Structure formats: C-alpha cells, structure tokens
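Asker: In this note's numbering, the protein residues as written are 27 to 310.
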Amino acid sequence: MTDPEMKEVDLFHFDEDRPSIEDLSRQNGMLYWMASMFMKELGYAEYSPKLKPIQKAIQVCISLNIEITEHFQEDWIEVDGKRVKDLKLSRFACYLISMNADSKKPHVAHAQVYFAALADLFQKYKQDHGDIERIILRDEFSDHEKTLNAAAHSRGLENFALFQSAGYTGLYNMPLKKLKDKRNIPDSRTPLDFMGPEELGANIFRITQTEAKIRREGVKGQYNLEEAALEVGKAVRKSIAELGGTMPERLEVAEDIKKIKSDLKSTSKGFINSDKKIGLLPKK
27 MTDPEMKEVD LFHFDEDRPS IEDLSRQNGM LYWMASMFMK ELGYAEYSPK LKPIQKAIQV
87 CISLNIEITE HFQEDWIEVD GKRVKDLKLS RFACYLISMN ADSKKPHVAH AQVYFAALAD
147 LFQKYKQDHG DIERIILRDE FSDHEKTLNA AAHSRGLENF ALFQSAGYTG LYNMPLKKLK
207 DKRNIPDSRT PLDFMGPEEL GANIFRITQT EAKIRREGVK GQYNLEEAAL EVGKAVRKSI
267 AELGGTMPER LEVAEDIKKI KSDLKSTSKG FINSDKKIGL LPKK
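#1: Starting from Y58, trace the beta strand (DSSP E) in both directions and tell me its first and last residue.
#2: Check whether the Cβ atoms of P201 and E159 lie closer than 8 Å to each other.
#3: To the nearest angstrom, how far is the alpha carbon of V105 from that of T272?
#4: Give me the residue from L68, Y121, M63, P75 with the minimum Cα distance to I298.
#5: Are the beta-carbon atoms belonging to I47 and P79 less than 8 Å from one another?
#6: Excluding the 5 residues flanking D128 on each side, which residues of the same chain have their C-beta closer than 7 Å to its C-beta?
#7: Could you tell me the alpha carbon to alpha carbon distance between G107 and S62, rounded to whole angstroms?
#8: For the alpha helix (DSSP H) that K108 lies in, which residues bound it at each end?
#9: My understanding is that I161 touches S89, with C-beta atoms under 8 Å, so please give their C-beta distance in whole angstroms.
#10: Which full runs of the beta strand (DSSP E) of 3+ residues lie inside the region 62-101, going along the chain?
#11: In the DSSP output, what is Q53 paired with across the bridge?
#12: Taking Cβ to Cβ, would you say V110 is nearer than 8 Å to L197?
#13: Exposed or buried, V258, counting other C-beta atoms within 10 Å across all chains shown (16 or more means buried)?
#14: Compute the distance between the beta-carbons of F167 and I230, then report whether it is under 8 Å.
#15: If you draw a straight line from the C-alpha of T95 to the C-alpha of A71, how long is it?
#16: Can you tell me whether DSSP reads S129 as helix, strand or coil?
#17: Among D49, Q99, H170, K287, which one has its Cα closest to the Cα of M56?
#18: Among A187, F118, W102, which one has its Cα closest to the Cα of I84?
#19: Is A177 closer than 8 Å to E237 when the C-beta atoms are compared?
#20: Please name the residue or residues paired with E104 in a DSSP beta bridge.
#21: Within 10 angstroms of the Cβ of K309, are there 16 or more other Cβ atoms? Answer buried if so, exposed if not.
#22: Thinking L205 and Y194 are a contact (beta carbons under 8 Å), I'd like their distance in whole angstroms, please.
#23: For R164, is the classification buried or exposed, using 16 other Cβ atoms within 10 angstroms of its Cβ as the cut-off for buried?
#24: Hey, I233 and L277: beta-carbon distance below 8 Å or not?
#25: Who are S124's beta bridge partners in DSSP?
#26: With C-beta atoms as the reference, is M65 less than 8 Å away from L77?
#27: Using three-state DSSP, classify S288 as helix, strand or coil.
#28: Report buried or exposed for E93, applying the criterion of at least 16 other Cβ atoms within 10 angstroms of its Cβ.
#29: Which residues in the same chain have their Cβ closer than 7 Å to the Cβ of R241, if we skip the five residues on either side of it in sequence?
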C-alpha cells in the first residue's frame, strides 16, 4: 500500500505470521481479492458465492445503484477436480462483506475495524455494521410492504394510508402523523428512513404478521383490515414489553438513510480512485 492517504491506516494481518490483507490482493487489470480466499481468511469454513455476507453486500450495491460488475466479477477455480464459481472482489466489496459478516468471528471483527478506518478517509460520517444493515432492512421492509399492500387490496382495502397508520398506532401507541411530528420528520419522508436496525426489524415483523393474519383469517373490508393491522401492531408492542425491550417510540432516531447511502457511494469512489492513484487500476 503506497498511497500516502492509506498509509494512515495500519495494515491488517489476519494472523501475525501471515501476510497483510493488502499482500493477499491480486492484480490483473484491477486490484482484487478472491472471494474463496477472503471468506476463508474471515473464518468461514466453507465457501459459496451464495454465502449471506456476499449476497448482502451485492444487495447493498443494488440499493445504491452501483454497477455490480464494478465490484464483483465472476471467475472459476478448480476444487478437488471440479470447477467452482468464484468471485473477484474489489476493495469496496471486501468492505461490504466484512461489515455484513459475523462479527463474533475474531478475524471479521478486525477486518471491520480495518475497512471502516479506510472508509473514514473518504467521507466524514463514520459508518458501522448497523448503518449498512439498515439499508438491507429498509429494502426488505419495502418488499414486504408491497406484498401486504397487494394482499390487503385483494381483500377490499380502499384507503392504504388509514390501514398503514393503524399498524403504526398499534406498535407505537400513536398514529403515523403524530410519530412523524414527534420525531420532526418532514411530511414527504417516511419514519422508516430514520429507524435503526432494531426498530426496522420490529416493523418488518409487524407487517409480515399482518399479512399472515389477513390471509389466515380471510379478513375483508376496510374497517376489518384496519383492525387487523392495529391488533398485530399491539401484539408486537406487547411482546417487546414482555421481553424487556425499549418501546419503539423511545428508540433513538437514526441518521437519514439517504445520507448513509451517499456516504457509501463516496466510500466506493474513494477506494477505486485511491487504487487508481497508486497505479493498481487502469484509468478510464
């Protein structure tokens, strides 16, 4: 690593007697790490391109409208005489994978610190695992909300806004508008963009269980659908209380997810430009 900026970060070694993570990179038109090698070094016993950290990293790129092939390129390796699909990972891909990997693994935790320190060189807001997880959970909520919307409309829903607010009322003990006022969220924005992973998780559970209840019990009509959403919201709230959790309306408001996405894009560009600067990537 010869970039003056990147020299500010101490090189990360998976083990003291092993080469640094930078020494494990390869170059062939681009600077890259083989996914099979990288996942093994992180502590994953078996490799597959379908491992959750890899799939989540790809999902983040999709959410950011970043070209996947810029950071994940297909390759093939031979294992026990069989051709196995592998991936060439950019530095940004390694960063996203590390942040989505199991931090209970010692090498993962160290890799997260290393890549976060590098990322911090290229943008002012310090990202962590929770920030990246929020992007994935936010997309997951949107997907589930679409299926809930379709299910409810097929059962006679006429006003989705009232139905939606009923679910929030059950979970937060206040309607959606009051929640937005309480958190100073503009009318044009959704509270979901300012929720942390814990709160997003509770809301995903709420809407998936609302859809399940509608289908299971054959709920029909605007009023009954609103009552179903309210009932499920209350049930989730009760479960949180019984588990000794923090009521969702008392959870800390998170950084605007649009800011997180913007900073991640800056990190991606920063990694690429830094590698170009030291001649490891061809300039376009």
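Here a beta-carbon is modelled for each residue, glycine too, at the ideal position from N, C-alpha and C. Here the structure is a predicted model, which is why all the values come from computation and not from measurement.
Answerer: The short version:
#1: Y58 -> beta strand (DSSP E) spans 57-60.
#2: Contact: no.
#3: Using only the alpha carbons, I get a separation of about 49 Å.
#4: Y121
#5: Annotated as distal: I47 and P79, with beta-carbon spacing of 8 Å or more.
#6: V134
#7: Using only the alpha carbons, I get a separation of about 16 Å.
#8: Boundaries for K108: no alpha helix (DSSP H) harbours it, while the beta strand (DSSP E) harbouring it runs 108-115, taken from the DSSP string.
#9: 5 Å
#10: none
#11: L57
#12: no
#13: buried
#14: yes
#15: Taking the straight line from one Cα to the other gives about 26 Å.
#16: coil
#17: Answer by Cα proximity: Q99.
#18: Here the closest residue by C-alpha is F118.
#19: yes
#20: R109
#21: Reliability fails at K309, whose pLDDT of 44 lies under 50, so the model's placement of it is uncertain and the value that follows must be treated cautiously. K309 is exposed by the Cβ-count criterion.
#22: Contact between L205 and Y194 holds, with the beta-carbon distance rounding to 6 Å and staying under 8 Å.
#23: buried
#24: no
#25: Bridge partners of S124: none, in fact.
#26: Cβ distance < 8 Å, so M65 and L77 count as in contact.
#27: helix
#28: Per the 10 Å Cβ criterion, exposed.
#29: A177
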